[in-house]
Amino acid sequence: MHAINDDIAAVFGLVFNILATWLALHTRVPELREYRRITCQMCFIDLFLLVCTFAVKPLKIVQFGNEYLIVNGYFRKIHAHYGYAAFTVWFFALFFSITSVPVVFVFRCVRLCYNRSFAMKHQMILLAVSALASLAFCVLAYWVYYINGQEGLYLAEALPAYAHDDDGQVRACGMLFPRTIYSYSIVTSVTFLSVGSYSIIIFCSLRIYWHVKTAPKAISKRAHDVQKQLNRLLTIHATIPLFSAVMPSTVLVVAMTFDTVDFTKFTVLVTMFFSWIPAGNAMSVVFFVKAYRQQLLSMICRVCKRRRIPSNNSVTNWGAIPGSASPGRRMTLANLPTISQSMYPTMSSK
1 MHAINDDIAA
11 VFGLVFNILA
21 TWLALHTRVP
31 ELREYRRITC
41 QMCFIDLFLL
51 VCTFAVKPLK
61 IVQFGNEYLI
71 VNGYFRKIHA
81 HYGYAAFTVW
91 FFALFFSITS
101 VPVVFVFRCV
111 RLCYNRSFAM
121 KHQMILLAVS
131 ALASLAFCVL
141 AYWVYYINGQ
151 EGLYLAEALP
161 AYAHDDDGQV
171 RACGMLFPRT
181 IYSYSIVTSV
191 TFLSVGSYSI
201 IIFCSLRIYW
211 HVKTAPKAIS
221 KRAHDVQKQL
231 NRLLTIHATI
241 PLFSAVMPST
251 VLVVAMTFDT
261 VDFTKFTVLV
271 TMFFSWIPAG
281 NAMSVVFFVK
291 AYRQQLLSMI
301 CRVCKRRRIP
311 SNNSVTNWGA
321 IPGSASPGRR
331 MTLANLPTIS
341 QSMYPTMSSK
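Here UniProt numbering is used: the sequence shown runs in plain steps of one and ends on residue 350.
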């Protein structure tokens with residue numbers, strides 16, 4: 001079920017991210033064209049996370065406080081060292097997708113509230129900071145889950161049958177014991193990255209909201225509507241990782257805290273939400289921006305009209321009508337008398 005969920009989420013994510021990128025690059029709304037750079041940024045980062053999730057199919061299970069990292073994808077039968085390397089790439093993609101969200105809000109805050117241009121180099125610098133923060137977490141996680149957790153990997157064999165592979169083995173590549181300095185360091189780093197990212201998001205959101213609310217007369221009505229749609233879009237874009245990544249991570253921390261309770265099935269269900277971050281972000285771009293939604297509907301209508309138009313042969317074949325010059329002759333006002341005379345000679349003779 002976990003693998004099927006990842007495959008379905010990957011299909012939806014791929015389709016909607018490509019569609020969102022195409023809509024952003026081909027939009028004709030001037031107010032949206034200046035923001036297409038950040039829209040493409042969101043889509044490209046989500047595609048990177050989508051590919052990593054589809055290939056690794058990460059599974060995080062907590063049983064009696066012990067957290068196990070299991071590779072359930074195409075790398076599951078390789079050595080645990082390489083399996084954890086693949087898991088590390090997914091860790092990086094996940095936290096990079098979370099810590100890069102503030103870049104979008106900073107871009108819009110500077111552009112809208114301060115009326116300043118946001119150069120590409122500034123955007124790349126902020127993305128580099130986000131990547132370094134995610135990489136630092138990966139280094140810490142490598143030491144905690146793999147180096148320190150090697151001695152406890154054999155405990156994963158006690159997991160339920162749905163955690164076992166087709167050969168009866170559990171492909172655990174990392175493990176974390178509860179209530180240790182290592183588990184506290186992981187919880188602290190995740191909290192720091194999440195709280196830091198969403199603090200920037202909240203500050204920029206309040207600043208943008210106040211600017212749009214207090215200065216409606218300074219911009220046109222269409223621009224004001226577009227800004228409101230972007231507010232809704234970015235709010236959804238910030239909320240989806242909150243419920244799809246931060247909240248599941250919080251549940252895992254709670255499961256590790258109460259080490260006398262078996263949270264195995266619940267944590268398997270919770271970690272399935274990780275797969276839907278790329279699809280959710282892309283669908284919010286397509287459906288919550290009115291201009292993109294109308295552009296998509298217009299494209300669908302054009303395709304449907306082209307399929308409904310019959311061929312010329314079926315429309316203009318008048319060969320069965322007596323007096324017609326050729327099978328391809330069209331029925332026009334000019335040739336109506338000719339056709340009527342050939343069909344009704346008695347009327348013409350009178």
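Beta carbons are placed, not taken as given, at the ideal position from N, Cα and C, and that holds for glycine.
Predicted model, so just to flag it, every value in this text is computed and none were measured.
Three-state secondary structure (DSSP) of residue i
i	result
Q169	coil
V11	helix
G174	strand
N148	coil
I61	strand
K290	helix
R36	helix
S199	helix
F258	coil
H122	helix
F160	For the sequence presented, residue 160 should be read as Pro rather than Phe. The answer is coil: DSSP assigns P160 none of H, G, I, E or B.
R306	helix
S314	Here S314 scores only 49 on pLDDT, less than 50, and its place in the model is too uncertain to base an answer on.
Y184	helix
Y209	helix
R179	coil
Y154	helix
Y142	helix
Residue closest to residue i, alpha-carbon to alpha-carbon, out of the options
i	options	result
L193	L206, C138, T88 and Y146	C138
V110	H237, G152, S197 and H211	H211
M120	C304, C40 and T250	C40
H79	Q150, Q227 and L25	Q150
L47	F12, V226, P58 and Y74	F12
G83	V187, A172, A131 and A279	A172
residue 354	M272, V226 and Y184	No statement about residue 354 is possible, as the shown extent of the chain runs from 1 to 350 and does not include it.
N148	V170, I186 and P160	I186
residue 353	D7, N17 and V103	For residue 353 there is no data in the structure shown, the boundaries of the chain being 1 and 350.
F64	T214, S249, F274 and L155	L155
T250	N231, V289 and V195	V195
D7	G73, R28 and V270	G73
L49	A282, P278 and C304	P278
R108	K290, K305, Q229 and F288	Q229
V56	R28, F91 and T27	F91
A158	L19, T264 and I200	T264
V285	F96, N231, H81 and V190	N231
F54	I202, L135 and V89	V89
S197	S97, Y292, P248 and M283	S97
V190	I201, K213, R222 and A136	A136
V62	V289, A291, T267 and V170	T267
M283	A10, N5 and H2	A10
Y184	L140, P160 and G152	L140
Residue span of the beta strand (DSSP E) that contains residue i, given as start and end
i	result
V71	N66 to V71
Delimiting residues of the alpha helix (DSSP H) encompassing residue i
i	result
V29	Per DSSP, V29 belongs to no alpha helix (DSSP H) and is neither H nor E.
residue 430	Only positions 1 to 350 of the chain appear in the structure, and residue 430 is not among them; the question remains open.
T264	T264 to V270
Residue i at chain B interface by Cβ criterion, 8 angstroms
i	result
P30	Of the protein chains in this structure there is only one, and it is not chain B.
message: Contact between the region 287–300 and the region 60–76 is defined here as three or more beta-carbon pairs at a separation below 8 angstroms; is this criterion met?
response: no
message: Using a Cβ distance threshold of 8 angstroms, determine whether the region 35–52 contacts the region 144–156, with at least three qualifying pairs required.
response: no
Meets three-Cβ-pair contact criterion under 8 angstroms: the region 193–207 and the region 172–182: no
message: Three Cβ pairs or more, each shorter than 8 angstroms: is that satisfied between the region 240–250 and the region 42–51?
response: no
- prompt: Counting pairs of beta carbons, one from the region 228–236 and one from the region 247–258, are three or more of them closer than 8 angstroms?
  reply: no
- prompt: Touching or not, the region 123–130 and the region 257–275, by the rule of three or more beta carbon pairs under 8 angstroms?
  reply: no
field: Every unbroken alpha helix (DSSP H) inside the region 78–117 [4 residues or more]
entry: 80–99 and 101–113
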